[in-house]
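Those letters in the sequence shown? Residues 126 to 642, by my numbering. Backbone N, C-alpha and C fix where the C-beta goes; we use that ideal spot for every residue, glycine too. No experiment lies behind these values; they were computed from the predicted model shown.
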Amino acid sequence: MSSIGSPTGAAPTDTGSAAATARGHLFNAGTLARYRDVLARGVDRVARRVGEADRPFTGVTPDELAPLIGAIDLDRPLGDTDAALDELHDVWLRDAVYFHHPRYLAHLNCPVVIPALLGEAVLSAVNSSLDTWDQSAGATLMERRLIEWTAGRIGFGAGADGVFTSGGTQSNLQAMLLAREEAYRTVVGGSTGRPDRPQVLSRLRILTSAAGHFSVQKAAKLLGLAADAVLTVPTDATRRMRTDELARTIDSCHRDGQVVMAVVATAGTTDFGTVDPLPEIADICAAAGVWLHVDAAYGCGLLVSPTRRHLLDGIERAASVTVDYHKSFFQPVSSSALLVRDGRTLRHATWHADYLNPARAVEQGIPNQVDKSIQTTRRFDACKLWLTLRIMGPDAIGALFDQVVDLAAQAWRRLDADPRFEVAAPSQLSTVVFRYRPPGLAPDLVDEANLHARDALAASGAALVAGTKVDGAHHLKLTLLNPETTVDDIAHVLDLIADHAAWYARTAATAELSCPV
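Okay, structure coming up:
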């Protein structure tokens, strides 16, 4: 197989010939054969690497890779496709973390479906920008249709709207922006004078579960709220928000002259996969006149679940909802969205620029998405979900998500019956939090043994699991999003963890015994 280097086959000798050579790399009607050939070579490399990967990771360290990457002279191109792909293999593909592998059990990274990969290839080549109609045309309407479809699945009415985002963190940030502006408007509207804006913002508070996502605190900081603006509400034994504590905290805020601008409920906590009691939280928010945001970045797969949709009952009463299709719809990153029950609230993200979204375009009814987004230039990530729905359908996605949730329940039962381990609360979704703690293990060794086991497992590359803290103690976590993972895979990984942890405990105990007094 021949390599593809310079499109003209000759090295440039002056600026004009250099430009001519460079133009040969542009994707257009004159380079279609090159486009097909180069992409086929790239696809072949990925397919070969995925096919030969017998573990999710090689265990490579930053110290091993950094010199190799640092030595590459980016000012001196290789001029050859195969040579560049060889180099890419050495600096990335060989040591990449492969989420498709059934023993990748760490973070909320899912294997991806082939229709979405097709969408990724198509949208990258066409390179539409989803800010204005004259840069995207039909893509604008396709994204709007997917927002409408998702809003329908949530249970929002005809006035709902939304926009695709880069991920849950951005969606939560925008939701808090909208909530902040609505709260400010309410305070100003009910005031006899004209309150100073910084003074109003200093009184705003966000209430979220102690098991909620850190992006809520990050959003508060980025939005200029007070350092203590986010108040965490305690959770119960199942790691769900306690509604009695939520009501008490709202009352306390009101007594102290603070304004609760939003309550953030979670449908699928990152660690525990739990869903907060949405109907009860919605009742409390409605009675208090508070914006309810539901972070369903993880739990949005329940929207298409054939058996567990009821776990999201009450989500239709939220003012805004975050969904991450790239977590539980098996989409490549990025594929996420923010949905709002009242589309008019998206105006708080609008900024008019004469060159982009002038008033004349509004008067003409020309649709655009930049008025709804905190981004300007934005990829057509909706294309991936569109092709997935049109080729597979939502029921197929839901069946895959149900499968991993069922698997997590099986894993929890296995761990609960295993005397080597201690498990935390059962998950409503597909995570399992646990730790190595067999009878007789000295309490002061428990944390270190679990930390060592996770590190040793990652160094071997045989499997990857996540880590977290529960009530201050180190735990391990299985995040199950691969329908190809089996109970046998999980059993094998647990045995590896137990072996690594037991080795550490024995070694530490021996060292302590041999230490002179």
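Determine the contact status of residue 601 and residue 590, defining contact as a CB-CB distance below 7 angstroms. Your numbering for residue 601 matches position 476 in the sequence shown. Your numbering for residue 590 matches position 465 in the sequence shown. Yes.
Helix, strand or coil: how does DSSP classify residue 195 here? For the purposes of this step, residue 195 is identified with residue 70 of the sequence shown, where counting begins at 1. Three-state DSSP puts residue 195 in a helix.
Residues near residue 237 in its chain [Cβ-Cβ closer than 6 angstroms; skip 5 each side]: Residue 237 sits at position 112 when you count from the first residue of the sequence shown. Taken in chain order, the residues that qualify are 455, 457.
Buried or exposed (CB count within 10 angstroms, at least 16 for buried), residue 253: Mapped onto the sequence shown, residue 253 falls at position 128. By the neighbour-count rule (16 or more Cβ atoms within 10 Å), residue 253 is buried.
Assigned exposure category for residue 126 - 16 Cβ within 10 Å defines buried: For the purposes of this step, residue 126 is taken as the residue at position 1 of the sequence shown. Unreliable placement is indicated for residue 126, whose pLDDT of 46 sits below 50; no coordinate value is reported for it.
Reference residue 283; option with closest CA among 343, 319, 466: As a working mapping, residue 283 is identified with position 158 in the sequence shown. 466 is the residue among 343, 319, 466 whose C-alpha sits nearest the C-alpha of residue 283.
Straight-line gap, residue 490 to residue 475 (C-alpha atoms, nearest Å): The count along the sequence shown starts at 1 and reaches residue 490 at position 365. The count along the sequence shown starts at 1 and reaches residue 475 at position 350. Their backbone Cα atoms lie some 16 angstroms apart in a straight line.
Give me the Cα-Cα distance between residue 610 and residue 340, rounded to the nearest whole angstrom. Position 485 of the sequence shown, counted from the first residue, corresponds to residue 610. Position 215 of the sequence shown, counted from the first residue, corresponds to residue 340. Whole-angstrom Cα-Cα distance: 29 angstroms.
Could you compute how far the alpha carbon of residue 293 sits from the alpha carbon of residue 394? Stepping through the sequence shown from its first residue, residue 293 is reached at position 168. Stepping through the sequence shown from its first residue, residue 394 is reached at position 269. Looking at the two C-alpha atoms, the distance is approximately 12 angstroms.
I need the DSSP call for residue 592, collapsed to helix, strand or coil. By 1-based counting over the sequence shown, the position of residue 592 is 467. Three-state result, residue 592: strand.
Identify the residues that DSSP records as bridge partners of residue 464: which are they? The residue given as residue 464 occupies position 339 in the sequence shown. For residue 464, which the question treats as bridged, DSSP gives the partners 287, 446.
Can you name the residues that DSSP bridges to residue 296? Counted from its first residue, the sequence shown places residue 296 at position 171. DSSP links residue 296 through a beta bridge to no other residue.
Which parts of the segment 392-445 are runs of the beta strand (DSSP E), unbroken and 3 residues or longer, counting only runs that do not cross its ends? You should have 416-421.
Under a Cβ-count criterion, where at least 16 other Cβ atoms within 10 Å of its own Cβ denotes burial, should residue 503 be classed as buried or exposed? Translated into the one-based positions of the sequence shown, residue 503 becomes position 378. Buried, since its Cβ has 16 or more Cβ neighbours within 10 Å.
Contact between the segment 248-266 and the segment 398-411 is defined here as three or more beta-carbon pairs at a separation below 8 angstroms; is this criterion met? no
Residue 287 to residue 346 span [Cα, whole Å]: The count along the sequence shown starts at 1 and reaches residue 287 at position 162. The count along the sequence shown starts at 1 and reaches residue 346 at position 221. Whole-angstrom Cα-Cα distance: 23 angstroms.
Out of 363, 354, 630, 391, point me to the one whose CA is closest to residue 375's CA. Reading the sequence shown from its first residue, position 250 is the one you call residue 375. Looking at the Cα atoms, 354 is the closest of the given residues.
Quick one: complete beta strand (DSSP E) runs, 3+ long, within the segment 330-405? 355-358, 384-391
Expressed to the nearest angstrom, what Euclidean distance is found between the alpha-carbon atoms of residue 464 and residue 385? Reading the sequence shown from its first residue, position 339 is the one you call residue 464. Reading the sequence shown from its first residue, position 260 is the one you call residue 385. Looking at the backbone, the Cα of residue 464 and that of residue 385 are separated by about 21 angstroms.
Terminal residues of the beta strand (DSSP E) in which residue 600 lies: To locate residue 600, count along the sequence shown from 1; it is residue 475. Here the beta strand (DSSP E) through residue 600 covers 598-604.
Going by C-alpha to C-alpha distance, which of 220, 560, 553 sits closest to residue 545? Counting from 1 along the sequence shown, the entry for residue 545 is found at position 420. The option with the nearest alpha carbon to residue 545 is 560.
Taking 7 angstroms as the limit between beta carbons, can you name the residues of its chain near residue 186, skipping five residues before and five after? One-based indexing of the sequence shown puts residue 186 at position 61. Here the set comprises nothing.
Span separating the alpha-carbon of residue 550 from that of residue 338: Taking the sequence shown and counting its residues from 1, the one referred to as residue 550 is at position 425. Taking the sequence shown and counting its residues from 1, the one referred to as residue 338 is at position 213. Between residue 550 and residue 338, the C-alpha separation is close to 18 angstroms.
Would DSSP call residue 609 helix, strand or coil? Reading the sequence shown from its first residue, position 484 is the one you call residue 609. Coil at residue 609, not helix or strand.
With three or more beta-carbon pairs closer than 8 angstroms as the criterion, would you say the segment 552-568 touches the segment 394-406? Yes, they touch.
State yes or no: is the C-beta of residue 450 within less than 7 angstroms of the C-beta of residue 403? Numbered from 1 along the sequence shown, position 325 holds the residue referred to as residue 450. Numbered from 1 along the sequence shown, position 278 holds the residue referred to as residue 403. Not closer than 7 angstroms, so no.
If you measure between the beta carbons of residue 182 and residue 592, is that distance less than 7 angstroms? Position 57 of the sequence shown, counted from the first residue, corresponds to residue 182. Position 467 of the sequence shown, counted from the first residue, corresponds to residue 592. No; because the gap between Cβ atoms is not below 7 angstroms, this pair is not in contact.
Per DSSP, the bridge partner or partners of residue 556: Taking the sequence shown and counting its residues from 1, the one referred to as residue 556 is at position 431. Bridge partners of residue 556: 604.
How many Å lie between residue 172 and residue 221 at the Cα? In the sequence shown, counting from the first residue as 1, residue 172 sits at position 47. In the sequence shown, counting from the first residue as 1, residue 221 sits at position 96. Between the alpha carbons of residue 172 and residue 221 lies a distance of about 13 angstroms.
With C-beta atoms as the reference, is residue 168 less than 7 angstroms away from residue 193? Translated into positions along the sequence shown, residue 168 becomes position 43. Translated into positions along the sequence shown, residue 193 becomes position 68. In this structure, residue 193 does not lie closer than 7 angstroms to residue 168 by Cβ.
Under a three-way DSSP split, which group does residue 251 fall into? What you label residue 251 is simply residue 126 of the sequence shown in a count that begins at 1. Residue 251: helix per DSSP, three-state reduction.
Can you look up residue 642 in the DSSP assignment and give me helix, strand or coil? Within the sequence shown, residue 642 is the residue found at index 517, counting from 1. Bear in mind that the predicted position of residue 642 carries a pLDDT of just 46, short of 50, making it unreliable; the figure below should be weighed with that in mind. Looking at residue 642 - three-state DSSP - the assignment turns out to be coil, as it is neither helix nor strand.
N-terminal and C-terminal residue of the beta strand (DSSP E) that residue 548 is part of: As a first step, residue 548 is located in the sequence shown; it is residue number 423 there, counting from the start. Run containing residue 548: 546-548, per the beta strand (DSSP E) assignment.
Go through its chain and collect everything with a Cβ distance to residue 470's Cβ below 7 angstroms, but skip five positions before and after it. Indexing the sequence shown from 1 puts residue 470 at position 345. Taken in chain order, the residues that qualify are 303, 307.
Which same chain residues, not among the five before or five after residue 514, have their C-beta less than 6 angstroms away from its C-beta? The residue given as residue 514 occupies position 389 in the sequence shown. For residue 514, where only same-chain residues beyond five positions count, there are no Cβ hits under 6 angstroms.
Rounded C-beta distance between residue 392 and residue 417? I'm assuming under 8 angstroms. Taking the sequence shown and counting its residues from 1, one reaches residue 392 at position 267. Taking the sequence shown and counting its residues from 1, one reaches residue 417 at position 292. Their Cβ separation, rounded to whole angstroms, is 12 angstroms, which puts residue 392 and residue 417 out of contact at 8 angstroms.
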